[in-house]
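*Asks:*
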Amino acid sequence: MRDLGEEGRKAIVDERDRGGPYMSFDDYLSRLRGGPIGPRAVRNLVMVGAFDALGHPRRELLWGWQERWHGKGLRRGIDRQSELSLNGTSPTLPTIDAFDANQLEYRISDLSTGHHLIHFCRDRLRALGALESNKLPAIAKNKHVRVAGLVITRQAPSTAKKIRFFTLEDEFGQVNVTIKPDVYDRYRQVANRQPILIIDGVMQRQDGVHSVLASHIEALDGVPRPAQRSHDYR
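Per our numbering, the sequence shown starts with residue 7, numbered consecutively.
#1: Count the CB pairs spanning the region 130–147 and the region 182–190 that are closer than 8 Å, and state whether there are at least three.
#2: Excluding sequence positions up to five away, which residues of its chain have a Cβ less than 7 Å from the Cβ of F178?
#3: Is it buried or exposed, L50, if we count other Cβ atoms within 10 angstroms and call 16 or more buried?
#4: Less than 8 Å between the beta carbons of G26 and A47, yes or no?
#5: Here's the rule I'm using: 16 or more other beta-carbon atoms within 10 Å means buried, otherwise exposed. How should R132 be labelled?
#6: Look up V229 in the DSSP assignment and say whether it is helix, strand or coil.
#7: In the DSSP output, which residue or residues are listed as bridge partners for H216?
#8: L142 and V157: beta carbons closer than 8 Å?
#9: Is the beta carbon of L38 sitting closer than 8 Å to the one on I18?
#10: What's the call for L10, buried or exposed, on a 16-neighbour Cβ count within 10 Å?
#11: Please state whether DSSP places S221 in a helix, a strand or coil.
#12: From which residue to which residue does the alpha helix (DSSP H) around Q195 run?
#13: By the DSSP assignment, the alpha helix (DSSP H) with V19 in it spans what residues?
#14: Please look up how many angstroms separate the CB atoms of V218 and I202, rounded, as I've assumed it's under 8 Å.
#15: Going by DSSP, name the residue or residues bridged to G155.
#16: I believe R145 touches M209 by the beta-carbon criterion, under 8 Å. Please report the beta-carbon distance rounded to the nearest angstrom.
#17: Taking the straight line between their C-alpha atoms, what separation do you get for R211 and D20?
#18: Run through DSSP, which three-state label would F57 get?
#19: Contact check, A154 vs L226 under 8 Å by CB: the rounded distance?
#20: Kindly list the residues whose CB is nearer than 8 Å to the CB of R147, restricted to its own chain and excluding five residues on each side of it in sequence; keep chain order.
#21: Is D129 buried or exposed, if buried means 16 or more other CB atoms sit within 10 Å of its CB?
#22: Give me the Cα-Cα distance between I124 and Q180, rounded to the nearest whole angstrom.
#23: Hey, V229 and C127: beta-carbon distance below 8 Å or not?
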């Protein structure tokens with residue numbers, strides 16, 4: 007997770023092992039005061055849902071807590087009052103819906119502990135005829151298929167004679183896609199720049215591994231660009 011670092015992760019685990027589970031957000035803050043965890047890391051932990059099990063909405067947890075922050079650690083002698091109160095009042099803040107929470111998690115940690123991003127596009131993708139990745143094992147070899155997903159890798163090995171290999175991911179698994187040079191040249195801009203792709207092609211099977219040989223590539227329009235970036239190799 008961004009801004010936490012190995013030292014911060016170790017501090018959280020070591021303190022939990024020493025003192026038991028964190029019982030509240032205040033408990034977490036007070037026990038880790040003066041340590042290596044900075045304010046950005048605390049905010050990121052809240053926004054990716056690390057404290058959701060404690061029963062308070064993420065925005066409410068963030069309300070007013072930074073006034074108790076000092077330097078790299080927390081002030082000693084922090085009071086035990088709820089972080090939700092300020093001047094005796096508890097503000098009513100809008101909750102984060104599932105899609106916004108998903109976007110925050112991808113932006114901060116490159117993954118989501120909840121729904122996959124494609125989950126929120128599934129109804130549209132079904133209407134467009136795109137199959138879920140877990141349906142592909144039942145598709146016969148050489149049958150035309152349409153697949154879709156978040157691009158997680160783009161590979162162009164120097165030994166592959168300009169053939170590209172993409173991996174798409176949806177909420178059920180991954181799809182391997184092979185793109186020949188003529189198809190890649192035709193759809194280069196979309197293939198390289200768009201994070202969510204819809205790909206038409208032919209089902210391929212070899213040595214028990216299935217993939218799609220692409221013939222057409224397009225982007226799924228109208229979806230906010232996720233913060234997660236693909237891992238591209240040559």
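Here a beta-carbon is modelled for each residue, glycine too, at the ideal position from N, C-alpha and C.
*Replies:* According to the data block:
#1: no
#2: The residue you call residue 178 lines up with position 172 of the sequence shown. Same-chain partners within the cutoff: E138, S139, N140.
#3: Locating residue 50 in the sequence shown gives position 44, counting from the first residue. The question names Leu, but residue 50 in the sequence shown is Asn. So N50 counts as buried.
#4: Position 20 of the sequence shown, counted from the start, is the residue given in the question as residue 26. Position 41 of the sequence shown, counted from the start, is the residue given in the question as residue 47. No.
#5: Stepping through the sequence shown from its first residue, residue 132 is reached at position 126. Exposed is the call here.
#6: Sequence index remark: in the sequence shown, residue 229 carries index 223 (1-based). V229: coil per DSSP, three-state reduction.
#7: Taking the sequence shown and counting its residues from 1, the one referred to as residue 216 is at position 210. Paired residue(s): R211.
#8: The residue you call residue 142 lines up with position 136 of the sequence shown. The residue you call residue 157 lines up with position 151 of the sequence shown. With contacts defined by Cβ atoms closer than 8 Å, L142 and V157 do not form a contacting pair.
#9: As a working note, residue 38 is residue 32 in the sequence shown. As a working note, residue 18 is residue 12 in the sequence shown. In contact: L38 and I18 (Cβ atoms closer than 8 Å).
#10: For the purposes of this step, residue 10 is taken as residue 4 along the sequence shown, with counting starting at 1. So L10 counts as buried.
#11: The sequence position of residue 221 within the sequence shown is 215, counting from 1. S221 falls in the strand class under three-state DSSP.
#12: In the sequence shown, the residue the question calls residue 195 occupies position 189. Run containing Q195: 194–199, per the alpha helix (DSSP H) assignment.
#13: Here residue 19 refers to the residue found at position 13 when the sequence shown is read from its first residue. Run containing V19: 11–25, per the alpha helix (DSSP H) assignment.
#14: Along the sequence shown, one-based indexing puts residue 218 at 212. Along the sequence shown, one-based indexing puts residue 202 at 196. Contact flag wrong, Cβ pair sits at about 16 Å.
#15: Locating residue 155 in the sequence shown gives position 149, where the first residue counts as 1. Beta-bridge pairing by DSSP links G155 to L203.
#16: Position 139 of the sequence shown holds residue 145. Position 203 of the sequence shown holds residue 209. It is worth fixing the name first, because residue 145 is Ile in this sequence and not Arg. Confirmed, Cβ separation roughly 5 Å.
#17: The sequence position of residue 211 within the sequence shown is 205, counting from 1. The sequence position of residue 20 within the sequence shown is 14, counting from 1. Going by the C-alpha atoms only, they are around 48 Å apart.
#18: On the sequence shown, residue 57 is found 51 positions in, with the first residue counted as 1. DSSP places F57 in coil when its eight states are reduced to three.
#19: By 1-based counting over the sequence shown, the position of residue 154 is 148. By 1-based counting over the sequence shown, the position of residue 226 is 220. Going by Cβ atoms, the distance from A154 to L226 rounds to 6 Å, so yes, they are a contact pair.
#20: Your numbering for residue 147 matches position 141 in the sequence shown. First, the residue type needs correcting, since residue 147 is Lys and not Arg in the sequence shown. Result list for K147: M209, Q210, R211, in chain order.
#21: Against the sequence shown, residue 129 aligns to sequence position 123. Classification for D129: exposed.
#22: Indexing the sequence shown from 1 puts residue 124 at position 118. Indexing the sequence shown from 1 puts residue 180 at position 174. Inter-residue distance for I124 and Q180 is about 12 Å (C-alpha atoms, whole angstroms).
#23: Counted from its first residue, the sequence shown places residue 229 at position 223. Counted from its first residue, the sequence shown places residue 127 at position 121. Against a cut-off of 8 Å, the Cβ pair of C127 and V229 comes out as a contact.
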